[in-house]
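A.B. asks: Sharing a structure, written as structure tokens. Questions coming.
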Amino acid sequence: MDPRLEDLMRPLCTLTALFLIVSGPASAEDGAAGVALTGLGGEQASITRAELDALPRVKISVDQHGATHAYEGALLGDVLAKVGVPRGKAIHGPEMADIVIVEARDGYRIALDLAGTDAATRSDRVILADSMDGAPLEDEKGPFQLVVEGDLRPARAVRMVSAIKVERVR
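Residues -28 to -1, 1 to 142 (mature numbering (1 follows the signal peptide of the UniProt record, and there is no 0)) are what the sequence shown spells out, left to right.
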């Protein structure tokens, strides 16, 4: 190799190696850190796999890409209660314009209306799942996945959920 090219490549290789070491791989073990939660007033918390397991468990079956899968997790409303988000009859008036933004590690984001995620408002359930077909979610889907029951296509089934925020539309 040309010595001049080698001199140019050495710093580039070093920077690349440092980037890979610092960023590290994303995996299902990230579930130990949990999902970041932000409430309407800026309240912040996170929910780990162990905390999700402690909530009432819900199972739903959905069709995704031509196959039916059984997901298990907790209702999104139960998860969001950790940051004081209203549920049930407390969702009325201005709360009807509140939105839930769900973000994934890969940058995918969706928005749901808060009332549409509440079991007292809508019969189809929205869950934060940590298992599919009886097994923990695989790395490319988990450790957490948002699953919306009744959707005709899985566009709102956010895999690798990293953050959930509730905001008021003004």
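Glycine included, C-beta positions come from ideal geometry on N, C-alpha and C.
For clarity, every value in this text was computed on a predicted model and none was experimentally measured.
Could you give the residue range of the beta strand (DSSP E) that holds A46?
C.D. replies: On the sequence shown, position 74 is the one that residue 46 refers to. That run of the beta strand (DSSP E) goes A39 to L47.
A.B. asks: R77: buried (16+ other C-beta within 10 angstroms of its C-beta) or exposed?
C.D. replies: Taking the first residue of the sequence shown as 1, we reach residue 77 at position 105. Exposed is the call here.
A.B. asks: May I have the straight-line CA-CA distance separating residue 143 from G106, to the nearest angstrom?
C.D. replies: No information on residue 143 is available, as it lies outside the stretch -28 to 142 that the chain covers here.
A.B. asks: Nearest CA to the CA of V7: which residue from E15, D25 and T20?
C.D. replies: As a working mapping, residue 7 is identified with position 35 in the sequence shown. Selected option, being the one with the closest Cα: T20.
A.B. asks: Tell me the rounded alpha-carbon separation between Y80 and I136.
C.D. replies: As a working mapping, residue 80 is identified with position 108 in the sequence shown. As a working mapping, residue 136 is identified with position 164 in the sequence shown. About 12 Å.
A.B. asks: Near G49, which residues of its chain fall below 7 Å by C-beta distance, leaving aside the five closest residues on each side in sequence?
C.D. replies: Residue numbering aside, residue 49 sits at position 77 when the sequence shown is read from its first letter. Counting only Cβ-Cβ distances below 7 Å, and skipping sequence neighbours, we find R59, T89, D90 and A91.
A.B. asks: Please list, in chain order, all residues of the same chain as residue 189 whose beta carbon is under 6 Å from its beta carbon, the five residues on each side excluded.
C.D. replies: What is shown of the chain runs -28 to 142, which leaves residue 189 out entirely.
A.B. asks: Tell me which residues share the same chain as L109 and place their Cβ nearer than 8 Å to its Cβ, disregarding the 5 neighbours each side in the sequence.
C.D. replies: Here residue 109 refers to the residue found at position 137 of the sequence shown. These residues qualify, in order along the chain: A(-1), A101, D102, S103, P115, F116, Q117 and R131.
A.B. asks: Which of the three DSSP states is assigned to R128 in this structure?
C.D. replies: Counting from 1 along the sequence shown, the entry for residue 128 is found at position 156. DSSP places R128 in helix when its eight states are reduced to three.
A.B. asks: Between E23, Y43 and H37, which has its C-alpha nearest V30's C-alpha?
C.D. replies: Counted from its first residue, the sequence shown places residue 30 at position 58. Here the closest residue by C-alpha is Y43.
A.B. asks: Go ahead and label R97 buried or exposed: buried means 16 or more other beta carbons lie within 10 angstroms of its beta carbon, across all protein chains shown.
C.D. replies: For the purposes of this step, residue 97 is identified with residue 125 of the sequence shown, where counting begins at 1. The residue is buried, with at least 16 neighbouring Cβ atoms inside 10 Å.
A.B. asks: Given D25, which residues of its chain have a CB within under 8 Å of its CB, disregarding the five upstream and five downstream residues?
C.D. replies: Position 53 of the sequence shown, counting from 1, holds the residue named residue 25. The residues are D102.
A.B. asks: Put V30 into one of helix, strand or coil per three-state DSSP.
C.D. replies: Residue 30 sits at position 58 when you count from the first residue of the sequence shown. Three-state result, V30: strand.
A.B. asks: Identify which residue in Q16, L27 and R128 has its Cα closest to the Cα of G45.
C.D. replies: The count along the sequence shown starts at 1 and reaches residue 45 at position 73. It is L27.
A.B. asks: Is there a C-beta anywhere in chain B that falls below 7 Å from the one on V141?
C.D. replies: Of the chains in the structure shown, none is chain B; there is only one protein chain.
A.B. asks: What do you get for V141, buried or exposed, if any count of 16 or more other CB atoms within 10 angstroms of its CB means buried?
C.D. replies: Residue mapping note: residue 141 aligns to position 169 of the sequence shown, counting from 1. With fewer than 16 other Cβ atoms within 10 Å, it is exposed.
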